[in-house]
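Colleague:
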Amino acid sequence: MGETLIALYEADLCTHPVDVVVNASNEDLRHIGGLAEALSRAAGPALQQECDELVRKLGNLQPGRAVITGAGKLPCKNVIHAVGPRWNEKESQKCTWLLKKTVKQCLQLAEIYNHRSIALPAISGGIFGFPLDVCTYTIVSSIKETLEEFQGNTRWKEIHLVGFAQDNIQAFRKAFKEVFPDSLPSYRSPHHASPVPRPRQSKRIKNFPVITTLEGLNIMLQIGSIEDTSIVVVSVGRDLQLDKGPLGRALLSKAGPMLQTGLLEEGGGRAEEGSVLKTKGYNLACSVVLHAVVPAWSQKNTPSKVRGFLFAWICLGFIMCVSKAILNGAGKAVEDECAVARQTGNNYVITQGGNLPCKNIIHFVAQDDIKSLVSQVLQECELQQYTSVTFPAIGTGLLLPPTWDPMENERVKIVELKPDSKEYKDVQEKFLQTCQSFKIEKIERVQSQYLWKSYQIKKCEMDKKNGDRNNERLLFHGTSQESLTFINDHGFNRSYAGMHAANFGNGTYFAVNANYSAHDIYSKPDANGKKYMYLARVLVGEYSLGKKGSVTPARKNVNNSVDLFDSSTDNMNQPSMFIIFNDIQAYPEYLITFTK
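In case it helps, full-length UniProt numbering puts the sequence shown at residues 1 to 596.
Listed below in structure tokens is the structure:
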């Protein structure tokens with residue numbers, strides 16, 4: 001667990017020397033009994049007054065929530081008020097995950113406020129009715145899971161489990177042995193409690209620590225650099241010129257001119273308002289830059305128009321993984337709650353919002369009648385007296401191929417096909433049509449959810465644009481052993497155009513027949529004589545004759561610079577190859593390893 005010390009103390013929480021103590025509170029933060037009353041009395045009236053103000057703003061807290069306040073006259077810096085669940089034998093699973101959620105929120109708040117030591121009592125024990133052994137085991141388990149999730153990247157140096165009654169101490173000790181079988185907790189009596197070091201200085205802006213929204217979302221303003229994130233989103237006008245805004249200029253200066261060049265290539269020189277274009281980060285620390293094409297500001301562009309643009313972008317660009325994205329964002333607790341609740345047999349489940357900035361999530365079983373589904377949701381919202389609800393683009397999600405093996409959390413999975421399977425024989429037959437003199441060593445299926453969904457989004461767009469035209473073809477692409485990992489992970493990259501003959505444009509080339517890609521210049525043999533070729537799905541769409549040196553397909557209309565063909569070819573009457581200029585227009589579906 002890195003450098004975090006977990007210690008068991010027989011002590012009085014009111015005088016315990018840590019940065020932040022956890023108060024086991026009720027839903028309305030009224031400290032009228034037990035430990036809560038003792039802490040409130042020791043802290044003075046300021047503590048209850050601050051809690052009353054929080055409840056006035058946020059309403060009563062639901063079980064599983066925690067908030068932080070000042071400490072009044074207590075020796076600690078802050079108090080975290082944790083609302084644990086009340087025990088219900090019939091809903092024991094739900095009770096335990098709610099308690100885990102409570103503990104995790106306490107640790108997260110301590111991290112946000114840069115505290116290095118935290119003291120937790122037996123939350124939900126006592127009058128909340130949790131069996132003491134279940135209570136302590138759940139708390140210690142949640143601590144372990146949270147530490148593993150943070151992987152040592154926390155400010156906590158000490159986590160104190162504090163109890164005054166001997167049964168609490170013994171229960172915590174037993175739980176620790178069960179959860180950490182290879183370790184023993186540090187144990188100290190009240191006379192041996194020692195002070196802990198002061199927290200490090202944070203980058204938080206003075207007088208602006210953490211804002212808690214009405215929905216309970218904690219927002220911290222922190223000094224940092226925008227490009228030090230995985231993805232940067234920047235707004236740009238329809239002309240796609242990055243140098244017209246301060247953020248665009250700053251990113252362009254750091255990323256280099258290739259950022260502007262890449263954006264112009266992606267957008268074809270000009271783009272529609274509401275569209276989002278993706279480029280690499282180039283010299284930025286981020287991996288991706290998303291360029292949101294926004295309308296020029298004027299008084300006529302009302303807030304509702306801007307909001308409509310953002311919602312359309314979210315729906316059109318990222319809805320293919322909405323269910324998984326929601327569960328990932330909400331956290332494991334919500335996923336667990338779904339698992340517990342769906343045992344009821346209902347066709348929908350209502351859970352807490354988890355880590356998302358909403359109060360509740362309604363999870364529906366997929367059904368064909370979208371109108372009926374929406375009606376049921378609205379009726380449920382009326383019954384629950386919810387004041388607002390957000391719908392995704394229901395029914396537009398993209399399914400993975402049914403032939404794929406389960407992937408769990410794997411980004412990419414390579415699956416070797418069995419020679420007697422229909423899938424193997426179909427690929428083999430297409431390869432041997434022009435490569436009878438070669439021997440297939442193996443055929444592997446490439447499974448990449450990200451590449452597949454990106455490809456399917458492009459396919460949907462092309463199918464809609466071109467009508468009933470057959471936009472997709474199965475084509476071959478020869479490569480070297482050194483390129484396999486990159487292609488499997490990131491797809492085909494037109495940046496490598498020109499490494500071989502590029503007589504019809506600087507794009508990615510695909511052959512109609514396997515024997516073309518089987519030439520050693522394309523599928524270069526490795527040290528063992530093995531050669532490699534992909535059978536790829538390629539969106540050729542409407543194509544035109546390619547031209548040497550071109551970086552995009554030809555224009556359909558000479559008077560319209562953004563109306564382009566979808567791909568290029570070597571021969572309009574009898575194509576033997578196709579060239580694409582957008583990386584997501586091809587998916588590397590099968591990898592064929594073969595020898596002469």
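Ideal Cβ positions, reconstructed from N, Cα and C, are used throughout, including at glycine.
Can you tell me whether V20 is buried or exposed? The criterion is at least 16 other CB atoms within 10 Å of its CB, across all chains shown.
Modeller: With 16 or more Cβ atoms within 10 Å of its Cβ, V20 is classed as buried.
Colleague: Taking buried to mean at least 16 other C-beta atoms within 10 Å of its own C-beta, is I123 buried or exposed?
Modeller: Result: buried.
Colleague: With the cut-off set at 8 Å, would you say L47 and T69 are in Cβ contact?
Modeller: In this structure, T69 lies closer than 8 Å to L47 by Cβ.
Colleague: I'd like to check one pair, P553 with V446: are the Cβ atoms closer than 8 Å?
Modeller: It is not a contact, given that the beta carbons lie outside the stated cut-off.
Colleague: Which whole-angstrom value is the C-beta distance of Q260 and L284, which I expect to be below 8 Å?
Modeller: Their Cβ separation, rounded to whole angstroms, is 13 Å, which puts Q260 and L284 out of contact at 8 Å.
Colleague: Beta carbon of G532, beta carbon of Q449: below 8 Å?
Modeller: Position check: residue 532 holds Tyr in this sequence, whereas Gly was assumed. Going by C-beta atoms, Y532 is not nearer than 8 Å to Q449.
Colleague: Within the same chain, show all residues whose beta-carbon is closer than 7 Å to that of H81, passing over the 5 residues directly before and after it, in chain order.
Modeller: N23, S25, L29, C51, A66, V67 and T69, listed in sequence order.
Colleague: If you draw a straight line from the alpha carbon of Q442 to that of L475, how long is it in whole angstroms?
Modeller: According to the sequence as given, residue 442 is Lys; it is not Gln. When rounded, the distance between both Cα atoms is 18 Å.
Colleague: Can you tell me which of the three DSSP states Y534 falls into?
Modeller: In this structure, Y534 counts as strand in the three-state DSSP scheme.
Colleague: Flag this pair as yes or no: are the beta carbons of R469 and E542 separated by less than 8 Å?
Modeller: Result yes, Cβ atoms of R469 and E542 sit closer than 8 Å.
Colleague: For N513, which residues of its own chain have a beta-carbon under 6 Å away from its beta-carbon, when the five flanking residues on both sides are left out?
Modeller: T434, listed in sequence order.
Colleague: Measure the beta-carbon distance from L564 to N471 and round it to whole angstroms, keeping in mind my assumption that it falls under 8 Å.
Modeller: Not confirmed; about 14 Å, so no contact.
Colleague: According to the Cβ coordinates, are T171 and L107 closer than 8 Å?
Modeller: Looking at the sequence provided, one finds Ala at residue 171 rather than Thr. Contact flag unset, no.
Colleague: Would you call the stretch 155-171 and the stretch 133-147 in contact, with 3 or more CB pairs under 8 Å?
Modeller: The stretch 155-171, when compared against the stretch 133-147, does touch it at the 8 Å Cβ threshold.
Colleague: Give the C-beta separation of V83 and T102 to the nearest angstrom, bearing in mind that I take them to be a contact with Cβ-Cβ under 8 Å.
Modeller: So it is a contact: roughly 7 Å between Cβ atoms.
Colleague: Who are the near neighbours of F504 in its chain, counting only those whose CB is closer than 6 Å to its CB and skipping five residues on each side?
Modeller: Hits under 6 Å: G546, S568, D570 and I579.
Colleague: Am I right that T595 and K439 are in contact with their C-beta atoms under 8 Å? What's the rounded C-beta distance?
Modeller: Sure, about 5 Å apart at Cβ, within 8 Å.
Colleague: In its own chain, which residues sit with a C-beta less than 7 Å from the C-beta of P75, not counting the 5 before and 5 after it?
Modeller: Only T15 and P17 meet the Cβ criterion.
Colleague: Identify whether R188 lies in helix, strand or coil by the three-state DSSP scheme.
Modeller: With a pLDDT of only 48 at R188, under the threshold of 50, the placement of this residue in the model should not be trusted, and no figure is reported.
Colleague: Quick one: grab the DSSP three-state call for N503.
Modeller: DSSP places N503 in coil when its eight states are reduced to three.
Colleague: Look up E482 in the DSSP assignment and say whether it is helix, strand or coil.
Modeller: Three-state DSSP puts E482 in a helix.
Colleague: Looking only at its own chain, which residues have a Cβ that is under 8 Å from the Cβ of L251, when we skip the five neighbours before and after it?
Modeller: The residues are I226, E227, V232, V234, L242, L259, L284 and V289.
Colleague: What whole-angstrom Cβ distance do E410 and E444 have, given they're in contact under 8 Å?
Modeller: About 15 Å; that fails the 8 Å criterion.
Colleague: What does DSSP give as the partner residue(s) for L564 in the beta ladder?
Modeller: In the DSSP output, where bridge partners are listed per residue, L564 has R555.
Colleague: Who are the Cβ neighbours of K548 in its own chain at under 6 Å, not counting the five residues just before and after it?
Modeller: So the qualifying residues of the chain are N503.
Colleague: Beta-carbon separation of A292 and V276 under 8 Å?
Modeller: Yes, Cβ-Cβ distance for A292 and V276 is below 8 Å.
Colleague: Please state the DSSP three-state secondary structure of K548.
Modeller: If DSSP states are grouped into helix, strand and coil, K548 belongs with coil.
Colleague: Please give me, in chain order, every unbroken run of the beta strand (DSSP E) with length at least 3 that falls completely inside the stretch 14-63.
Modeller: 20-25, all fully within the stretch 14-63.
Colleague: Let me make sure I understand the geometry here. Which of D520, V236, S421 and R537 has the alpha-carbon closest to that of G529?
Modeller: It is D520 whose Cα lies nearest to the Cα of G529.
Colleague: Taking T138 as part of the alpha helix (DSSP H), name the residues at either end of that continuous run.
Modeller: Its alpha helix (DSSP H) spans residues L132 to F150.
Colleague: Just grab the DSSP bridge partners of N513 for me.
Modeller: Paired residue(s): none; N513 is not in a bridge.
Colleague: Entirely within the stretch 82-126 and at least 3 residues each: give me those beta strand (DSSP E) ranges in chain order.
Modeller: The stretch 82-126 contains these whole beta strand (DSSP E) runs: 117-120.
Colleague: Would you mind giving the Cβ-Cβ distance between residue 619 and P63, rounded to the nearest angstrom? I have them listed as a contact below 8 Å.
Modeller: Examination of residue 619 is not possible in this model, given that the chain is present from 1 through 596 alone.
Colleague: Determine the burial state of Q585: buried for a count of at least 16 other Cβ atoms within 10 Å of its Cβ, exposed for fewer.
Modeller: So Q585 ends up on the buried side.
Colleague: Counting along the chain, where does the alpha helix (DSSP H) carrying E10 start and finish?
Modeller: E10 -> not in any alpha helix (DSSP H); beta strand (DSSP E) instead, spanning L5 to E10.
Colleague: Among residues of its own chain, excluding the 5 on either side of K413, which ones have a beta-carbon nearer than 7 Å to its beta-carbon?
Modeller: Once the five neighbours on either side are set aside, the close Cβ partners of K413 are D405, M407 and Q447.
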